[in-house]
Every structure is written in structure tokens, then in C-alpha cells.
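Visitor: Residue numbers in the sequence shown follow my numbering, run continuously in steps of one, and reach 1815 at the last position.
Cβ atoms here follow ideal geometry from the backbone N, Cα and C, with glycine treated the same way.
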Amino acid sequence: MIYDREKILKQIKPSKEEIEKGFRLYKKIREFIRKKFNLEAELQGSFIKGTSLKGDKDLDIFVFFPLDVSKEILKKMGLEIGKKVFEEFKGEYEIKYAEHPYVNGKIENHDLDIVPCYKIDKIEDMKSSVDRTPLHTKFVKRMTEFQKDDARILKKFMKLINVYGSEFKVMGFSGYLCELLILYYGSFENVLKNASEWKLNQKIIFEKMEKEFSDPLIIIDPVDPARNAASCVSLQKFSEFIYYSRKFLKDKKFDRIKIEYRKSEGTELIVLNFKTDLMEDLLFPQLRKTRDFIKDYLEKNGFRIYRSKIFNSGILFEFEVFKLPKMKIHEGPFIYDGENCENFIKKHKNIVIIGDRICTEIERKFKTAEECIDFLIEDREGFGKDLKKARCFITKEGIKEVYD
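1) For LYS1734, count neighbouring C-beta atoms within 10 Å of its own C-beta (all shown protein chains included) and say buried if the count is 16 or more, exposed if not.
2) Would you call the CB atoms of GLY1576 and SER1457 closer than 8 Å?
3) Should ASN1449 be labelled buried (16 or more other beta-carbon atoms within 10 Å of its own) or exposed?
4) Skipping 5 residues on each side, what residues in its chain have a beta carbon closer than 6 Å to that of GLY1493?
5) Is it the case that the Cβ atoms of LYS1619 and THR1462 are separated by a distance below 8 Å?
6) Quick check on ASP1707: does DSSP put it in helix, strand or coil?
7) Which residue marks the beginning of the beta strand (DSSP E) containing VAL1682, and which one marks its end?
8) Bridge partners for PRO1512 per DSSP, in chain order?
9) Give the DSSP bridge partners of THR1806, in chain order.
10) Starting from the N-terminal side, write out each stretch of the beta strand (DSSP E) that is 3 residues or longer and does not extend beyond the stretch 1556-1633.
11) LYS1446 to ILE1472, Cα distance in whole Å?
12) Please classify CYS1643: does DSSP put it in a helix, a strand, or coil?
13) Hey, how far is the Cα of GLU1483 from the Cα of LYS1465?
14) Looking only at its own chain, which residues have a Cβ that is under 6 Å from the Cβ of THR1687, when we skip the five neighbours before and after it?
15) To which residues does DSSP link TYR1529 through a beta bridge?
16) Taking the alpha carbon of PHE1652 as the point to measure from, which residue in VAL1763, PHE1704 and GLU1608 has its own alpha carbon closest?
17) Ignore the nearest five residues each way along the sequence and tell me which others in ILE1721's own chain have a CB closer than 8 Å to its CB.
18) On the three-state DSSP scale, how would you describe TYR1814?
19) Note the first and the last residue of the continuous beta strand (DSSP E) segment covering MET1488.
20) Compare the Cα-Cα distances from ARG1435 to each of THR1806, LYS1706, PRO1477 and PHE1500 and report the closest residue.
21) Within the chosen definition, does the stretch 1662-1675 reach the stretch 1591-1601 through at least 3 CB pairs nearer than 8 Å?
22) If you pair each beta-carbon of the stretch 1609-1617 with each one of the stretch 1674-1686, do three or more pairs fall below 8 Å?
23) Can you tell me whether GLN1422 is buried or exposed, with buried defined as 16 or more other CB within 10 angstroms of its CB?
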């Protein structure tokens, strides 16, 4: 569809009823925590900032602890409070792990995180990264109503072009980054106009910068000048955002980009599928590590890779060179090195001279890329820790949704 701000806002902005339902639930939970545990709790994230999208029913409720409470007590009490909240409001929950554990689940069709943190007024008092979040919320609240709506539009645009999400699966732009971009450039269209001219190591500094960074995009966190808020953005997603910003400015199209993988003509595919229950934030770094190791090993053995991608449960390789001759040239010493030449001749038959080196023909260890990958699956050296023990099988069919 052609970009029309008002039409898009009608599609993506939560209704008044949707917002009121979320706030009613939050207030009930806040009151329960205050009465039962004598602790204050506040809503954080896009819902309280006024930048959430229609249908995103995420409520991030942070429970504040005094700075003199130990980390051990905070972790223990945080889990106890979270569990009691879900029991009181008849929700389903699970324990998740970030810098410290927290409780995540569903109540009244809302996705809830109950997160313990320290109550801080300045960044110097921060004891863990989650303590920073309320300061982010406070900073972003300075947005005008127009800017809040444009933050929604930017988030939606990033979702459409598949660059939204700071988790390891995507390695793209977080909601907080979208809000900072709107605050810095003023509007959705201004963000895209400026992004279309970004360079590598692009810097955005609100007030001051206390540390140098070498990431593709550097947005100094206005509440923590020693942090790059954009460190999660990979070179791939940074580049894709620049490309689609330019494209939007030309055609004004606000449409979803298809990410189905299509095999090129004349290439061969091999797909490694892993059976594992790992959480995505643990799985995807291990898939990337394993992909890089296998790719390097394949190329050292002469198998040229056209593209490689990761997906929800595995790794895809597309080959320019999939099959190699049975024999290969094995280089020996330089012809001038008489003693080593004699030793080489004693060990090998069928000596040939190529340039100024003495050489022979030897049989390859692997004739096809599949043989090489079979060997690596058996050996598992260089694989991610949990993927070393996960069941793995090979297929040769393409995958619809892939990540870099």
C-alpha cells in the first residue's frame, strides 16, 4: 500500500478499550504486590510509553527493591513475587533467564513479565542492566503525541522489512532504538531520510559519549553514556534498513517484504536440522557459531559456498562448488631445496613440477560437500555447546524463513 499516515495509524494503533484493559490489569497486579510484599511496582516498556502496536499485549511490570538488598535476596524474592502474581490471577507462567531470573506468562490474554530490579535515580547506582529500564521509560516519555504515533509507524515499518527485534534471532532494532531515533530526528519520514545517508559506524549522540565503539550503528544511550544502545544491530540489519529507507523514499510503499529463501539455478542445497528445545536467545548464537565453523571447514576443503543462512532449527548452505575430482594436487617443497625434494620423492609417486615447486597427486578426503558435513556432524568439533549433543539430520529442501 502507498504510505498514508492516518490510514496506517488506524490499522496499527491500539484501541482505547485495548489500552484500558491493559492498565486495569496492571493496576490490580501493582496493588496486589504493594499489599502482599510492601514493594512498589511500575509498568515499563512500550505500553506505558504510548508506543505499543495494536495486538501487542505485553506488560512489563518491574518490582523495585532498595539498593541495600543483596542480589541473592532480590533474585529469590523476585521469583516468589512473580509466582504469587500468576497464582493470584490464575495465569500460566515459566521462569526465564536474563541477567537474573524472572517470571513470564499469561494473564487475561496479556503476556506478562514480572521483573525484579533496583530502584535507582542515577546510572552510577546501577547493579544490573534491568535497573536501567525505568530510566529509559522516563527519558522516552518526553515524546510528543505525534512522535509517539510516529514511533509506532517506525516499529511497524521495521517489522515489515524484517529488521525489528534485538534478540539473537534477528539482531535488529529494539523498540527503545525506534523511540530514540524518533526523538533524535523528529519524525518517521525524517528517520528514513537520514538513515538513507548513514555510513558505517554512524554515530548518534544525544548529549555526551564516554566510550568509543566500532559497531555498524552507534547510538549512545542518553541515560548511560558509556553504552551503545544499538550494539544489538548486526551489519546485515543495519544495511537492510538503509536500503529499504531509500526504497521507501522513492516509491512510498508501506508493504511487507517477503523473506522466503529461493535457491539459485545451478547450485546445490544442504540443510542441517537440529532437534533441540533450547530457548531462541541460547539457540541462535550457537547456530551462528556452528555455521561459521562448518563454512570455514568446507571452504578449506575446496567447497565454495554461495550463501549460508540460519533458521529456527538449523543451518542452510547453498554451494557453488558441491562436488570435486577424486584427486588433487599436493604441493611439496621448492625445487631449490634439494634435501627436502629427495624426501618428498621417497614418500610420493607420480611427481610433477608446477612452477618452481615439486608436487604430486593425492586422493581427497572428501569428494562432496555432503561427505564433509557428515564427517563434521559425527565429530561435532567447533559446534555450539548444546548442538554438540542435539540430534541432527540433513535434508536438501529450501526453508521459507531464514535469518543471517
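Guide: With the structure as the only source:
1) Mapped onto the sequence shown, residue 1734 falls at position 323. LYS1734 is exposed by the Cβ-count criterion.
2) The residue you call residue 1576 lines up with position 165 of the sequence shown. The residue you call residue 1457 lines up with position 46 of the sequence shown. Cβ distance not < 8 Å, so GLY1576 and SER1457 don't count as in contact.
3) Counting from 1 along the sequence shown, the entry for residue 1449 is found at position 38. It counts as exposed.
4) Taking the sequence shown and counting its residues from 1, one reaches residue 1493 at position 82. Same-chain partners within the cutoff: VAL1514 and ILE1525.
5) Residue numbering aside, residue 1619 sits at position 208 when the sequence shown is read from its first letter. Residue numbering aside, residue 1462 sits at position 51 when the sequence shown is read from its first letter. For LYS1619 and THR1462, no; Cβs fall outside 8 Å.
6) Taking the first residue of the sequence shown as position 1, residue 1707 is located at position 296. Helix, per DSSP.
7) If you number the sequence shown from 1, residue 1682 lands on position 271. 1679-1686 is the extent of the beta strand (DSSP E) around VAL1682.
8) Here residue 1512 corresponds to residue number 101 of the sequence shown, with the count starting at 1. Answer is TYR1508.
9) Here residue 1806 refers to the residue found at position 395 of the sequence shown. According to DSSP, which records beta bridges pairwise, THR1806 is partnered with VAL1682.
10) 1613-1615 and 1628-1630
11) By 1-based counting over the sequence shown, the position of residue 1446 is 35. By 1-based counting over the sequence shown, the position of residue 1472 is 61. Spanning the two alpha carbons is a distance of roughly 16 Å.
12) Stepping through the sequence shown from its first residue, residue 1643 is reached at position 232. Looking at CYS1643 - three-state DSSP - the assignment turns out to be coil, as it is neither helix nor strand.
13) For the purposes of this step, residue 1483 is taken as the residue at position 72 of the sequence shown. For the purposes of this step, residue 1465 is taken as the residue at position 54 of the sequence shown. Distance between the alpha carbons of GLU1483 and LYS1465 is about 38 Å.
14) One-based indexing of the sequence shown puts residue 1687 at position 276. Same-chain partners within the cutoff: ALA1801.
15) Here the question's residue 1529 lines up with position 118 in the sequence shown. DSSP lists PHE1476 as partners of TYR1529.
16) The residue given as residue 1652 occupies position 241 in the sequence shown. Nearest of VAL1763, PHE1704 and GLU1608 to PHE1652, Cα basis: GLU1608.
17) On the sequence shown, position 310 is the one that residue 1721 refers to. Same-chain partners within the cutoff: PHE1695, LEU1698, ARG1699, ARG1702, LEU1727, VAL1813, TYR1814 and ASP1815.
18) For the purposes of this step, residue 1814 is taken as the residue at position 403 of the sequence shown. It is a strand residue.
19) Residue 1488 sits at position 77 when you count from the first residue of the sequence shown. Looking at the DSSP string, MET1488 is not in any beta strand (DSSP E); the run it does join, the alpha helix (DSSP H), is 1482-1499.
20) Your numbering for residue 1435 matches position 24 in the sequence shown. Measuring from the Cα of ARG1435, the nearest candidate turns out to be PHE1500.
21) no
22) no
23) The sequence position of residue 1422 within the sequence shown is 11, counting from 1. Per the 10 Å Cβ criterion, exposed.
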